[in-house]
Every structure is written in structure tokens, then in C-alpha cells.
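*Asks:* Quick one: the structure is below, questions incoming.
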């Protein structure tokens, strides 16, 4: 169900609303300046909270800065963002045009007759049109220049058969990664002159969420007058079966660039060997990608089609297959002319990727949806793992490469290849020296301990990036394996050298911004490698994210559940001035009587509910948990979702209840299902649970794990989620070394920042507060699985005495203060379960009506 399906009835408005296109080159309007008070593109009459959301977002965009926008799932968040941001984009472009128009009118200054002024204005309109046409011509000329330049750089074949793997000499490699993504005619360019316009960069975690944006956009009148470019990796957009059959992203990238390079060689050779035998030319052409063989006119038609109608990556792939044109490079050509760019997290968070795709954030608005995942995404994007097996394979690849090409490398390249091999050996030895004990180092300490302190890491990383050594060495190793699979022994992991280069890159970070974890057993973050592992853990995501904040006109973080916002602000904007951050949290579209939230301190047997680590495994507590669910399932007419802290605890409960009468009693009242550990089994269990509730019209209990698949991304609307129960406070594992280092880092920063207030709380954050926020973030995501639309209703039970007390000055226990506002407003705390039972009974008594159709699709 789309976010926008929550409002009143009515079909989307057709056609334009009379304001013209976003960039139609018209003169100034005669109406008053827009203020963002109304949003006619909204396809039906918005609810008051939707109107408030759009006005608050519009106000933020007017002034710029940072915005945190929380709007519960089912309140039309995506549709509200579309209508507000695109209205602002129209308005600001119109105001920019008016300012330019006024400046033109003021030139000369004298009083002129009306007819002469009108004639001048008409000429000015013609001048603008000519200017736009000239811009298109300049674009074509720039692409032609890039084509000539790249063709001139191609190395000619010498008969050896492997020159394609040779590192460029001199300065030809400088900036080659960016160039390699844009140097081929018909493959896109980074023409700066065409990317200075304001754009909306919409970012989300998955492509399915970006597809939802496209679907919601099509419901508005903006769909017919704005242009959208949905960017993705080669793995997401490639339509060449010879490339898509490869397993890893790095190998897909390598094969794509290899085919593109061969195409350039064919073009260059064809120009200089016009009279050569066609057999030789066709042989080379066949080794390149057929989807890059289209002429300029065909590729331009592809771009025009992309810009004409909003498309997601599935649409782009289908169009590419139909036209025989590469959608990956085709959509990149559309970037400078698009009004809206749709990008996944990984694209936004990597500066090199942004540059290679031609994404400019200056004057643009960045909107990050599902932003409760953003801190984790930044940390993951700038962390790196290197296994012992990776080092072994990478060293073997570099050695084979150097043995083959050492006599043909320049002195500088020869030295750098050997330096990278020495770095690989040093990292392998660092794992071996760790013995049986896991170690934690600062970056500087690790570099010294590994004997790499006499190596210029920044220079080595820059050279590896510019020379494309990883790509060339990997391709050479692949050619050896194709000839003889035993050539390199176990060196079948051709992306190992990419892992080595990525890890070496992390060693250029400031020492205080991260930690190196050395694990001889390879147990970091659940890895089961037996060859040992090195991992760089980013501790300062703010530093990596600040470039986005500094460059963009405005940065908007939006989610159905952002609370607790302190976690986001302290991690991403620790020194932001309070006035630069606008926070907005709207209520839900449901009426107050359709939601019941209870915090219960005791269970049915009078036992205090205490799911702390030391107590939750006791037989008394597990038995009380069984009685709690039995009583709740007796009252709730349809589906109950119960969240427990971990899979291990779920198994403990299952074992204990099976050995006692608890499971039998539960089964007599309701069907009982358990979330499986294997992600591949989740859909099967969900289907069975859904059938019990919807098709059979009965009760069902689904026991899920906080932080697992069913706690995020699965919607339990209507009868599938009439009640959600959270047992305890699901703190992350306190013994996790990464968590411990993050908490120490936050404590160190807060200690060094005494007297400096944070934007969110007015005081410095501590490691313990970070730990608490992680816990409540998980709770909020779990309880957000229910209530999906205006007519839905559900109860939420927070089962633990810590939700009830001790209470702070505001009369609430600390976990309650970290719940979303719309949940807090409906909450009642009770000591005795009898009171909770009575409230649950009365609540569901009021809804003894047939339930509407359920939908548990992804959010």
C-alpha cells in the first residue's frame, strides 16, 4: 500500500494546474509570490497533518538547513514530500527567473514607451530560447570533444595480446576512475555547465522504496511536467546477459568497463584502419558490449524517453532491452537535465560515486527517506573488511601481475605495485600475530604495529585509484584462470584485490575517527571465516556526512519513526546550531479511540515483568510471559505480534513452553507461529500466518525477534496486527566490540566537549544515552508495524516494569520519553495486569465488526 492511500476518496487530478513546466523559460507571472500555503498537486483534499507536514517542509526549503520529519506509516509521507518539494522547486525557479527578468529590465534605466518595452521583452524571450538551444549544442560539442580525447588516449595493439592489462604510464591515469565512467561517447559526461540547476535528490535504502516514490509521483500532476532520473549500480541496470551472470558487484563493474574499453579501441582502430580487413574489425567489435553500439541519435532518443515519464529501475531495464541501449549509461546522460534524481544510500554517501555519476549537491535539496537507517548506512559505507584469505589471494594476484609486466612498467608504477604487495603481506602478518585474542587499535597504532608507518598511504591509495590497478590485475588473473583453473591455486576470489585496496584506503582516515579490529578467528560482526579478519569500524559518521550537509541547500531526514531523534542528531550533526535544525513530528490520521497503548509492570500471575538479561531466562519469568500472551490472545480477535529480544530467547521460550502446559494452552486459543532465522523462510511463515487470520478468520500469534526481518519492512495492517506486544527492552549485545568502541568514542567526545551543547538535547551525549537510544529505536521500529491507514485500529502492550517506572520530573519513565509523540499521547501505564486486561477488553469490544482486508506487504 502506498503512503498516499490514506486520504479521502477521489482520483488524481489530470493535466496541469496552470503553472507551466518547471523550466519552460517563460517570463514572470503576474500573480503574487508563492508562499507554500497550498499544494494543488495533492491528488485529493489533504488531512490537516498532511497539510502541516507540507507547510513545514516548504518552510525549511525556503530557508535551507537541516530538517527531521517524522510521519507515521500510513499518513501519506511520500506523497506529502513530493507535493511540497516539487511545489517549492517550481516556485524557486520561477522567482529566480523573475529576478533575472527584473535585472534585464533595469539595464539602461530610462523610461520607454510600452510598445518598445513589450518588443524588448519579446526579444528577451527569444534570446532565452536561443540560449537554451545553444546549451544543447554545447552539450553535443562537449561530448564530441570527450570522444576525441578518449579515442586519442587509447593504446594500440602491439601483438602481445595482453596490453589491455598494462598500467598507464605518466599522468594518463590521473582521475581515471571518473573518466572511465564518462569518457566514452554515448556513455554520458560530467558537463559541469549543465549540472548547476537546482535538483531534488531523493534517497532511500532500497530500490523498491524508490519505486514507491515513482508510483506516488505518478498520482500527481507533476508526473507530466517534471523529469526523473533513477540511478543505480551496474548490477541493478545492466541488461547484458554476459555481464549479469557474474556474481559480485566488483566483477560486474570490471566486465562492463572492460567491454567499454574494447569498444573504444574498436572505434579508434576503425578510424585509423579504414582499409583493414573487416574480419579483424568484427572480431574486436564482438568482444565489446552490444548495448553500447547504438548511435548518438538512438541514445538521445533513449534519454528523451527517460525524461518524458517518471521511471524506476525496472522500467529503465525494460526500456533498455526494447531499445537495445544500455540503461546504466543512458540514464546517466539524463542526470544534468533531470529535476529529480532517485538514488540509493550507497550512491549518495560515496563522494567518488557522486562525482562519477555527475551528481552535484550545490543548491539542491537532499531528501533521505527511511532515515532511521542513515547512521548505520554511513558507518557501513565507510567501513571495510579484509579476511586473511583475501590477503592471500590479493598477494598472489599482485605477484602474478608483477611477474608478467614488471619489465614494461615505469619505475614509479613498478615501485607502487611492490608497495601495495608489501602492504598486503604486512596486513596478513598482523592477523597472524594476533594469536588467539581479538585486538582493537586506533588507526595510527595499527599502522605502526603493522610496520606500515614508513609508507605514504595517501599517495599509494591515490595511485591505486588513478591507475585502476585492482581492475587490471583482477582482469589479468581472470584471463589466467580461463586458460588454466589451477594457475593460481585457490585464487578464485577475483574481488580480493578490491577488498585489499578498500581496506588500505581506510588507513588514511584520521586516527580518532575509527578503530581497527583484528580478529584471528574472523568473528567480527558474525563472520564465520576461519582465516582471520581485519575490520575498520567508523566511529565518526558526522565527518563523512558533513560534505553532504555543507554542499546541499537543504538536507531532509524523513521516516515513519525517527524517534529518538537524539541518536540521529548527535551522530550526524553534533555541532549544528539549534536554529539550523527544524524538527517536525506529526500525529497519526487515525482517531484517538482507534489506538490503545499500555505499559504493564506486572503479568497475570502478579509477577513483576522483568526481561533484563539476568532475569528473563528464569522459569518464573518465562512462565509469566506465556500467561501474558495467553490472556492477550484470549481478548484480541485476530492477529497478535509478539516481539522478543533475540532468537536465542525465542528458542528458550519455545523449549520451556513445550515442556510445560503453556504452549498447549496457547495453541488451544490461537495458531502459534515463530519467526524463522533463515530469511528465505520468512515469506512462507508469513503466508501461513496470513491464511490463519484472513482466510480462516481466526486468531493467530506470531512471535518475532526485535531487529530481525519482521521487525522492519513488514507491514501488519488490519487483522494481521490487532495487537503488538514488546517483551522487555531489547538492548544490543553489550559485549559487542564495535558497540563498546562506539560508546567509548562518544564518552571521549562528550568529555572533550564539556560546555558545548548539542542541538538535540542541549547537552552533550554519552555512551550510555547512545546505548539507550539504540534500544528504543528498535522498540519504535517494532511497534510501527501496525496501524497502516485511517480506518485501522490496534493495541500496543509494552511489557516490562521499566516502561512504568521509575518516573522522571515529567511523570514518565525514561523509555516512554523516547517513544514517538503520537504513541506517547495514547499511552496508559498500569502496575497490575488486571487493569490492563480490562482496558484491552473494552477497547476490542468496541470493534466487534468484520475486519477489512489485510495487507502485510513491505513498507
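In this note's numbering, the protein residues as written are 13 to 871. Ideal placement from N, C-alpha and C gives every residue a C-beta, glycine not left out.
(1) Consult DSSP for residue 681 and reduce its assignment to one of helix, strand or coil.
(2) Taking the straight line between their C-alpha atoms, what separation do you get for residue 853 and residue 651?
(3) Is there contact between the segment 338-350 and the segment 374-392, where contact requires at least three CB pairs shorter than 8 Å?
(4) Let me know the secondary structure DSSP gives residue 102 once reduced to three states.
(5) Looking at C-alpha atoms only, which residue of 328, 470, 845 and 571 is the closest neighbour of residue 86?
(6) Could I get the ranges of all uninterrupted beta strand (DSSP E) runs contained in the segment 655-741, with 3 residues as the minimum, in chain order?
(7) Check each candidate in 77, 73 and 53 and name the one with the smallest Cα separation from residue 91.
(8) Can you give me the start and stop residues for the alpha helix (DSSP H) that residue 75 sits inside?
(9) Give me the DSSP bridge partner(s) of residue 356.
(10) Can you tell me whether DSSP reads residue 424 as helix, strand or coil?
(11) Report the three-state DSSP secondary structure of residue 82 (helix, strand or coil).
(12) Taking the straight line between their C-alpha atoms, what separation do you get for residue 11 and residue 698?
(13) Within the continuous beta strand (DSSP E) that includes residue 531, where are the two ends?
(14) Determine the direct distance from the alpha carbon of residue 667 to that of residue 711, and round the result to whole angstroms.
(15) Considering just the uninterrupted stretch of the alpha helix (DSSP H) at residue 249, what are its terminal residues?
(16) Count the other CB atoms within 10 Å of the CB of residue 632; is the residue buried (16 or more) or exposed (fewer)?
(17) First and last residue of the beta strand (DSSP E) that includes residue 841?
(18) What did DSSP end up calling residue 453 once you bin it into helix, strand or coil?
(19) On the DSSP bridge list, what partners appear for residue 397?
(20) How would you label residue 224, buried or exposed, when you count the other beta carbons within 10 angstroms and need 16 or more for buried?
(21) To the nearest angstrom, report how far apart residue 265 and residue 703 are at their CA atoms.
(22) Using a 10 Å radius around the Cβ and a threshold of 16 neighbouring Cβ atoms, would you call residue 359 buried or exposed?
(23) Give the DSSP-derived three-state secondary structure of residue 495 in the structure shown.
(24) Going by alpha carbons, who is nearest to residue 367 out of 270, 243 and 110?
(25) I'd like to know whether the C-beta atoms of residue 315 and residue 211 end up nearer to each other than 9 Å.
(26) So residue 655 and residue 794 are supposed to be a Cβ contact under 8 Å. How far apart are they, rounded?
(27) Assign residue 423 to one of two classes, buried (16 or more other C-beta atoms within 10 Å of its C-beta) or exposed (fewer than that).
(28) Tell me the rounded alpha-carbon separation between residue 773 and residue 790.
(29) My output table needs one value for residue 794: the three-state DSSP class, helix, strand or coil.
(30) Measuring alpha carbon to alpha carbon, tell me which of 701, 738 and 706 ends up nearest residue 719.
(31) Kindly give me the distance between the Cβ atoms of residue 653 and residue 84, rounded to whole angstroms, as I take these residues to be in contact under 8 Å.
(32) Taking DSSP as the reference, what is the three-state secondary structure of residue 479?
(33) Touching or not, the segment 544-554 and the segment 394-402, by the rule of three or more beta carbon pairs under 8 Å?
(34) Whole-angstrom Cβ separation of residue 240 and residue 322, contact assumed at under 8 Å?
(35) What's the gap between the Cα of residue 700 and the Cα of residue 692?
(36) Classify residue 260: buried if its beta carbon has 16 or more other beta carbons within 10 angstroms, exposed otherwise.
*Replies:* So, to answer that:
(1) Reduced to three states, the DSSP call for residue 681 is helix.
(2) Counting only the Cα atoms, residue 651 lies some 15 Å from residue 853.
(3) By the C-beta criterion, the segment 338-350 is judged not to be in contact with the segment 374-392, since fewer than 3 inter-stretch pairs fall below 8 Å.
(4) Looking at residue 102 - three-state DSSP - the assignment turns out to be helix.
(5) The shortest C-alpha separation from residue 86 is found at 571.
(6) Entirely contained in the segment 655-741, the beta strand (DSSP E) runs reaching 3 residues are, in chain order, 683-686, 712-717 and 735-739.
(7) Looking at 77, 73 and 53, the one whose alpha-carbon comes closest to that of residue 91 is 53.
(8) Start and end: 60-75.
(9) Note: residue 356 sits in a beta bridge opposite 216.
(10) Residue 424: helix per DSSP, three-state reduction.
(11) Reduced to three states, the DSSP call for residue 82 is strand.
(12) Look at the range of the chain in this structure, 13 to 871, and you will see that residue 11 is not part of it.
(13) Per DSSP, the continuous beta strand (DSSP E) segment holding residue 531 begins and ends at 526-531.
(14) Those two C-alpha atoms are separated by around 22 Å.
(15) Per DSSP, residue 249 belongs to the alpha helix (DSSP H) from 246-249.
(16) Exposed: under 16 other Cβ atoms inside 10 Å.
(17) Unbroken beta strand (DSSP E) run through residue 841: 839-842.
(18) In the structure shown, residue 453 sits in a strand (DSSP, three-state: E or B).
(19) In the DSSP assignment, residue 397 is bridged to 547.
(20) Residue 224 is buried by the Cβ-count criterion.
(21) Roughly 43 Å between the two C-alpha positions.
(22) It counts as buried.
(23) Taken through DSSP and simplified to helix, strand or coil, residue 495 comes out as helix.
(24) Its Cα nearest to that of residue 367, the residue 243 stands out among 270, 243 and 110.
(25) No, these two residues do not count as a Cβ contact at 9 Å.
(26) Between residue 794 and residue 655 the Cβ distance is about 5 Å, and since that is below 8 Å, they are a contact.
(27) Exposed, since its Cβ has fewer than 16 Cβ neighbours within 10 Å.
(28) Only weak support exists for where residue 773 lies, its pLDDT of 46 falling under 50; the value from the coordinates is given anyway. Distance between residue 773 and residue 790, taken at the CA atoms: about 20 Å.
(29) Helix at residue 794.
(30) Answer by Cα proximity: 738.
(31) Contact check for residue 653 and residue 84: beta-carbon distance about 17 Å, past the 8 Å limit, so the pair fails to qualify.
(32) In the displayed model, residue 479 falls within a helix according to three-state DSSP.
(33) Touching, per the Cβ criterion.
(34) The C-beta distance from residue 240 to residue 322 rounds to 4 Å, short enough to meet the 8 Å contact threshold.
(35) Pairing residue 700 with residue 692, the inter-Cα distance amounts to about 14 Å.
(36) The residue is exposed, with fewer than 16 neighbouring Cβ atoms inside 10 Å.
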